[in-house]
Each structure stands twice: as C-alpha cells, then as structure tokens.
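Undergrad:
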Amino acid sequence: PEEGDEKDEL
Amino acid sequence: MNVFRLTGDLSHLAAIIILLLKIWKSRSCAGISGKSQILFALVFTTRYLDLLTSFISLYNTSMKIIYVGCAYATVYLIYAKFRATYDGNHDTFRVEFLVVPVGGLAFLVNHDFSPLEILWTFSIYLESVAILPQLFMISKTGEAETITTHYLFCLGVYRALYLFNWIWRFYFEGFFDMIAIVAGVVQTILYCDFFYLYITKVLKGKKLSLPA
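Same order as they appear, the protein sequences are chains A and B.
Those letters in the first sequence? Residues 1 to 10, by my numbering.
Those letters in the second sequence? Residues 11 to 222, by my numbering.
1. To be precise: take each residue of the stretch 70-88 of chain B, compare its Cβ to all Cβ atoms of chain A, and keep it if any distance is under 8 Å. Which residues remain?
2. Might you give, ordered along the chain, the residues of its own chain that have their beta carbon closer than 7 Å to the beta carbon of residue 174/B, omitting 5 neighbours on each side?
3. Would you tell me roughly how many angstroms separate the C-alpha atoms of residue 155/B and residue 213/B, rounded to the nearest one?
4. So, with DSSP's three-state summary, where would you put residue 10/A?
5. For residue 1/A and residue 113/B, what's the separation of their Cα atoms in angstroms?
6. Give the secondary structure of residue 137/B by DSSP, where H, G and I count as helix, E and B as strand, and everything else as coil.
7. Report buried or exposed for residue 124/B, applying the criterion of at least 16 other Cβ atoms within 10 angstroms of its Cβ.
8. Could you tell me which residues DSSP pairs with residue 218/B in its beta bridges?
9. Taking 7 Å as the limit between beta carbons, can you name the residues of its chain near residue 92/B, skipping five residues before and five after?
10. Apart from the five residues just before and just after residue 148/B, which ones in its own chain have a Cβ nearer than 6 Å to its Cβ?
11. In whole angstroms, give me the CA-to-CA distance for residue 186/B and residue 53/B.
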C-alpha cells in the first residue's frame, strides 16, 4: 500500500 | 486492527476519561495545564476533519467523536466552569514555540500538499509535543497529584502501544507511515523520564515530587 494511504488510525 | 492498536486506543480513552473525571469530581483543575489541553483539542480538530469527508468504520467514527468531544469538554471545564481553580501562574509554557515550528514543518514534510493532508500532518506533529506544557508545569511546581500521574501514564502508554502496532502492521500488512512513526517515537521518548518516575515512585505508593 502507498504511504499514508488510508487513515483508519486514531 | 491488532491488539496493540486496540489497547492503545483504550489507553488513550482511559487517559481522557481519567482527566475529565478528576476535574469533575474534585471540582478543580489544579495542576493541569490548560495549554496542553487546548493543544490536544487543536490536535483532534485538525486530525478528524475527515469525519466530514470519509467514513471508515463505526468504531473509527465514534472514537473520533468521543475524543474530540471530551477534549473540548476538558477545555471548557478548565477555562470556564472551574476557571477559578486554574493554576495559570504555573502554566507558562510558550505554546507559539510549538505551534509555529510544527505548522511550518507540516507544510514542508507531508505526504500530499493538500489542505486536509497538511492539517492531518500538523496534528500528528503537534500531538507529539502537546504534552510539553503539562510536563513543564510539573517541573515548575515540582509535584503532581497521583491521579494526574495516572492520566499521564495512560496517555504515554497509548503512543508506545501504537509503536508496537506500527511494527505489527509493517510485518503483517506491509504498511507503514513514516510521518506517524517518527512523530510517535518522539512523543513516546518525551514520556520516558516520566515513566521512570511513575514506576519508581507512584506505583510504590509515593506522591510524584521532584527534587528541588
């Protein structure tokens, strides 16, 4: 996956 | 979602609730840095703007709303409801020395030069140093209430657990986010001195007080 792709973290 | 991520989130939630309850039950925010709490409110606000643009999961959305809501509630208690108990004379850290460089860095080092991404990056960098006014305040007064140390411990452990989460994700998902990792390492390092005092003093039943 690309860096900083999906921001599922809080 | 792995165990480190989940326990990290729960530790973060515990920290936020502990602080709110401490202020509410004692009707006092003595010993708490209002400046750190404003910075955390700013961190959550700038990071969770994606609440308006994307939906990831019910867990993600509800935790974001709880975090941001509690952050503003804490700021309200400190600066409005229990303002008379706020120890402004000891809360003298100059936050512009954090916000300005962090803002500049977010413009220079980010994944994508777009408003939402820059604000997200800003929030990651700012969170890593947002506790400094609180630690500065403790170093100035030379002591902290035990409940305040529990708050700080949970808050520090949260980012340390995220470091393990990132190691896990790197190995098992091939995922990494260099900005979050570097900031997370910095953030955790800032707590190391405090962790040492917490383990050697508070856990042995002593009050956290620094040598004069």
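Just so you know, even glycine gets a beta-carbon here, dropped at the ideal spot from N, CA and C.
TA: Reading from the atomic positions:
1. 70, 73, 74, 77
2. 14
3. 13 Å
4. coil
5. With a pLDDT of 37 at residue 1/A, under the threshold of 50, the predicted position of this residue should be treated as unreliable, though the coordinate-derived value follows. Their Cα atoms are separated by approximately 27 Å.
6. helix
7. exposed
8. 154/B
9. 33, 37, 38, 39
10. 154
11. 21 Å
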